[in-house]
């Protein structure tokens, strides 16, 4: 159940592949859910040039370990991988990777969702963006939706 | 928004990477959610040797296209990729891949979840497993959970 | 009118064919097709039906040229 | 007793340092540390506080050797 802070760029999909192969549990899990958050070139209507991600060494790792422990306790996840960039980040860099392996799709997806939401709202990271006229702290993470969706109509045929 | 049925094995993570690169939208999406369903070596307490996936040519593709269209209408997904195996499937083969790209994590994750649930409950595919004593049809897809999870405690600090 | 009929998975095996066709006067319903095709078997509760590749519920009436498919609960993904 | 204090992000910039320390008699609360460290500034509504790397709410009392951290809303992921 590795949790790692990465000061250098990483390729999230390659990391999932590499870690999955190291699990050696081929055939033992039926469901994998992956969430990847990437550095965008815009935020709050403004063009972003790059970003610096500050964290609280010690607490950040501890908090992420605790989220993963909670997720594993709540859903039947066989394994979880969390990677998060720190330091200077360029456009299109992968910032965060959450991956969960389970025998069951609901467990894999809910565990992934729980971890990214907790991370976004509680893990001690802070983004400072470079925009045209200087730098600015990102004030607050958003709800993660562009619009509030209506629940899908499960009864539709 | 490609939807493809694949008669031959595919590497789901490599397909995500390949398709993402073809999008050419580097920096335009912030969130990617991927769900991969793999062939397990056990089901309902019995060891599985291999499996055959039957489908309804024409209707299956049409239904998957329609699910993706609905998902795109409901969430702000920039793009969606759906691949599904058909035919004879071996242990550990990737069976289904759903990937959604969005500017927002909630949209990417909800769209992915909606598509896999609809696919599991409505898309015309049928699994026949080879077990020790012969073959058997899988009777029904499950809820996708090993246990019914309690909602995470969002207020915990 | 003429109707095309398809069977999948367990239904295909039980009825011994993947497709068939029937000619009939107007007013034919899904349940009539099933009865004719299955040799009078009861329609299983879990049986699913599609007309022209769209899921349908209940027992709708068919029109000339329709393709009716009978199949068990789906198990993809 | 002695307390270690840390500041992150905007708080670090506004208070001009990443860490500090203070000595005090027993009975010190988080709000006392903030007042002392910030030169009497009002505590921002959105300010978050951790003691020994755990989030805390309210205004708990500190004990000898505690590490108190002040930071703005988190924005990772």
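Residue numbers (the numbering used here), protein chains in the order written: chain A, 1 to 157; chain B, 1 to 157; chain C, 1 to 77; chain D, 1 to 77.
Backbone N, C-alpha and C define an ideal beta-carbon position, used for all residues, glycine too.
Leaving out the 5 sequence neighbours to the left and right, which residues in its chain are closer than 7 Å to residue i when beta-carbon positions are compared?
i, result
"residue 3 of chain A", "61, 64, 65, 68, 82"
"residue 15 of chain C", "7, 37, 38"
"residue 17 of chain C", "7"
"residue 24 of chain B", "none"
"residue 31 of chain C", "43, 59"
"residue 26 of chain C", "1"
"residue 46 of chain B", "131"
"residue 56 of chain A", "124"
Applying a beta-carbon distance threshold of less than 8 Å, which residues of chain E neighbour residue i?
i, result
"residue 22 of chain C", "Going by chain labels, chain E is absent from the structure shown, which instead holds the protein chains A, B, C and D."
Per DSSP, residue i forms a beta bridge with which residues?
i, result
"residue 109 of chain A", "Looking at the DSSP assignment, residue 109 of chain A forms no beta bridge with any residue, so it has no partner."
"residue 6 of chain A", "A:85"
"residue 21 of chain D", "D:4"
"residue 94 of chain B", "B:38"
"residue 55 of chain A", "A:125"
"residue 29 of chain C", "C:61"
"residue 137 of chain B", "B:128"
"residue 78 of chain A", "Residue 78 of chain A is not bridged to any residue."
"residue 33 of chain B", "A:35, B:100"
"residue 55 of chain C", "C:50"
"residue 70 of chain D", "D:7, D:49"
"residue 50 of chain B", "B:90, B:130"
Cutting at 8 Å between CB atoms, please list the residues of its own chain near residue i, excluding the five before and the five after it.
i, result
"residue 30 of chain A", "102, 103, 104, 105"
"residue 44 of chain D", "72"
"residue 55 of chain D", "48, 49"
"residue 95 of chain C", "As shown, chain C starts at 1 and ends at 77. That puts residue 95 of chain C outside it, with no answer to give."
"residue 13 of chain C", "none"
"residue 19 of chain D", "4, 5, 6, 7"
Among the residues of its own chain, which have a CB less than 6 Å from the CB of residue i, if the five just before and after it don't count?
i, result
"residue 7 of chain B", "86, 87"
"residue 115 of chain B", "67, 71, 98"
"residue 28 of chain D", "62"
"residue 126 of chain A", "54"
"residue 33 of chain A", "100, 108, 109, 112"
"residue 135 of chain A", "128"
"residue 19 of chain A", "81"
"residue 65 of chain D", "none"
"residue 96 of chain A", "37, 84"
"residue 150 of chain A", "Residue placement at residue 150 of chain A is flagged as unreliable, the pLDDT there being 47, under the threshold of 50; the coordinate-derived value follows with that caveat. Nothing listed; no residue qualifies."
"residue 90 of chain B", "50"
"residue 52 of chain B", "88, 128"
Below 8 Å on the Cβ atoms is my contact criterion, and I expect residue i with residue j to pass it. Report the Cβ-Cβ distance as a whole number of Å.
i, j, result
"residue 111 of chain B", "residue 100 of chain B", "4 Å"
"residue 50 of chain B", "residue 142 of chain B", "No, residue 50 of chain B and residue 142 of chain B are not in contact; Cβ-Cβ is about 20 Å, not under 8 Å."
"residue 92 of chain B", "residue 76 of chain A", "Not confirmed; about 19 Å, so no contact."
"residue 58 of chain A", "residue 53 of chain D", "6 Å"
"residue 5 of chain B", "residue 84 of chain B", "6 Å"
"residue 5 of chain C", "residue 21 of chain C", "6 Å"
"residue 10 of chain A", "residue 94 of chain A", "6 Å"
"residue 75 of chain D", "residue 138 of chain A", "4 Å"
Does the ligand GDP have a heavy atom nearer than 8 Å to the CB of residue i?
i, result
"residue 51 of chain B", "Annotation note on the ligand GDP: not contained in the displayed structure, which lists no ligands."
Contact the stretch 61-72 of chain D vs the stretch 35-53 of chain D: 3+ CB pairs below 8 Å: yes
Chain C contacts made by the stretch 95-115 of chain B, where a contact means CB separation under 8 Å: 95, 96
Segment contact flag, the stretch 73-82 of chain A with the stretch 114-126 of chain B, C-beta cutoff 8 Å, min 3 pairs: no
Contact residues within the stretch 56-74 of chain B, judged by C-beta distance below 7 Å to chain C: 56, 58, 59, 62
Inter-stretch contact (C-beta, 8 Å, three-pair minimum) for the stretch 55-70 of chain C and the stretch 36-53 of chain A: no
Interface positions of the stretch 115-137 of chain B facing chain C (Cβ-Cβ less than 8 Å), listed along the chain: 116, 119, 120, 121, 122, 123, 124, 125, 126, 127, 128, 137
Residues within the stretch 25-39 of chain B neighbouring chain A, beta-carbon criterion of under 9 Å: 26, 27, 28, 29, 30, 31, 32, 33, 34, 35, 36, 37, 38, 39
Chain A contacts made by the stretch 3-18 of chain B, where a contact means CB separation under 9 Å: 11, 12, 13, 14, 16, 17
Interfacial residues, the stretch 23-54 of chain D to chain A, with Cβ spacing under 7 Å: 50, 53
Contact residues within the stretch 56-74 of chain D, judged by C-beta distance below 8 Å to chain A: 69, 71, 72, 73, 74
Selection of the stretch 8-22 of chain D by Cβ proximity to chain A, strictly under 7 Å: 8, 9, 10
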